[in-house]
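A.B. asks: Per the numbering used here, numbering through the sequence shown is continuous, rising by one, with the last residue being 751.
One structure, pasted below without further comment.
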Amino acid sequence: MDQLAKAVGERIRHRRKARGLSQDDLALLSGIDRSYVGRIERGEVNITVEKLYLIARVLACEPATLLPEIQDTLE
677 MDQLAKAVGE RIRHRRKARG LSQDDLALLS GIDRSYVGRI ERGEVNITVE
727 KLYLIARVLA CEPATLLPEI QDTLE
């Protein structure tokens, strides 16, 4: 399952950078600790649904867009 956490983290990082936000910005705007945001992006933790929604709101996207396709995580 760590492949799933890494894939989610990569998608969050990509979207964050596309919006021109730093990890600090994302952390502050979402109310999530900055070091935890880093751990999410590196795939070191399994993100909760609640945090996924908080992050998606800041990134102005649907939470589902931060989830990878099934075939990307099963290989």
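Don't be surprised by glycine CBs; every beta carbon is placed ideally from N, CA and C.
Rounded to a whole number of angstroms, what is the C-alpha to C-alpha distance between GLU720 and GLU745?
C.D. replies: 19 Å
A.B. asks: Determine the burial state of ALA736: buried for a count of at least 16 other Cβ atoms within 10 Å of its Cβ, exposed for fewer.
C.D. replies: By the 10 Å Cβ count, ALA736 comes out exposed.
A.B. asks: If you drop the 5 nearest sequence neighbours on each side, which residues of the same chain put their C-beta closer than 8 Å to that of LEU730?
C.D. replies: Within the same chain, LEU730 has close Cβ partners SER706, GLY707 and ILE708.
A.B. asks: Using DSSP with H/G/I as helix, E/B as strand and the rest coil, what is ALA736?
C.D. replies: coil
A.B. asks: Would you kindly work out how many angstroms separate the C-alpha atoms of ASP700 and GLN747, rounded to a whole number?
C.D. replies: ASP700 and GLN747 have their C-alpha atoms spaced approximately 32 Å apart.
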